[in-house]
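In my numbering, the protein residues as written are 12 to 163.
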């Protein structure tokens with residue numbers, strides 16, 4: 012993958028993370044910091060490039076086009092698309108809980124990625140996926156700043 016392709020993909024990932032954080036109508040500092048840490052982990056970097064910091068600062072959730080961004084990931088293998096949804100779910104939990112609007116965002120993205128809901132049920136508020144959620148949270152590469160009374 013070329014440097015430009017990596018930049019493009021990281022930009023799209025940052026937009027997806029930010030759109031997920033804004034899905035509930037609130038964007039708090041814990042979410043912003045979690046997104047920054049997640050992007051640094053993906054880039055294997057100690058600091059984000061200035062252009063990416065600017066992209067985060069200037070993100071406009073009203074201008075975000077989920078279908079356009081998701082289309083860029085259609086050719087990825089199913090496990091990669093599932094992993095993308097996992098990263099999005101971590102972002103929705105960064106403020107300590109997932110709400111219906113964030114659940115809807117994950118479902119809409121999963122559909123846009125052409126995944127079956129069965130493939131990502133454990134990442135949503137669906138009661139049938141509840142038993143898998145705790146282990147999912149424990150697998151986060153970038154630890155979630157969660158309270159003991161996690162609401163999911």
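Cβ atoms here follow ideal geometry from the backbone N, Cα and C, with glycine treated the same way.
In its own chain, which residues sit with a C-beta less than 8 Å from the C-beta of residue i, not counting the 5 before and 5 after it?
i          : result
residue 46 : 25, 28, 29, 32, 67, 102, 105
residue 20 : 12, 83
Just list the residues that DSSP pairs residue i with in beta bridges.
i          : result
residue 37 : In the DSSP output, where bridge partners are listed per residue, residue 37 has none listed.
Can you tell me whether residue i is buried or exposed, with buried defined as 16 or more other CB within 10 angstroms of its CB?
i           : result
residue 90  : exposed
residue 118 : buried
residue 42  : buried
residue 56  : exposed
residue 74  : exposed
residue 81  : buried
Would residue i and residue j qualify as a contact pair, given that the criterion is a beta-carbon distance under 8 Å?
i           : j           : result
residue 77  : residue 112 : no
residue 93  : residue 131 : yes
residue 83  : residue 120 : no
residue 54  : residue 100 : no
residue 109 : residue 126 : no
Could you check the C-alpha separation between residue i and residue j for me, to the nearest Å?
i           : j          : result
residue 97  : residue 51 : 17 Å
residue 63  : residue 49 : 13 Å
residue 138 : residue 72 : 29 Å
residue 7   : residue 14 : No answer is possible for residue 7: the residues shown for the chain start at 12 and end at 163.
residue 69  : residue 88 : 31 Å
residue 128 : residue 65 : 34 Å
residue 61  : residue 85 : 28 Å
Who are the near neighbours of residue i in its chain, counting only those whose CB is closer than 6 Å to its CB and skipping five residues on each side?
i          : result
residue 34 : 112, 113, 116
residue 17 : none
residue 37 : none
residue 79 : none
In chain order, what residues of the same chain lie with their CB nearer than 7 Å to the CB of residue i, ignoring the 5 residues before and after it?
i          : result
residue 39 : 106
residue 59 : 47, 50, 51
8 Å is my cut-off, CB to CB: does residue i come that close to chain D?
i          : result
residue 30 : Among the chains in the structure shown there is no chain D, since it carries only a single protein chain.
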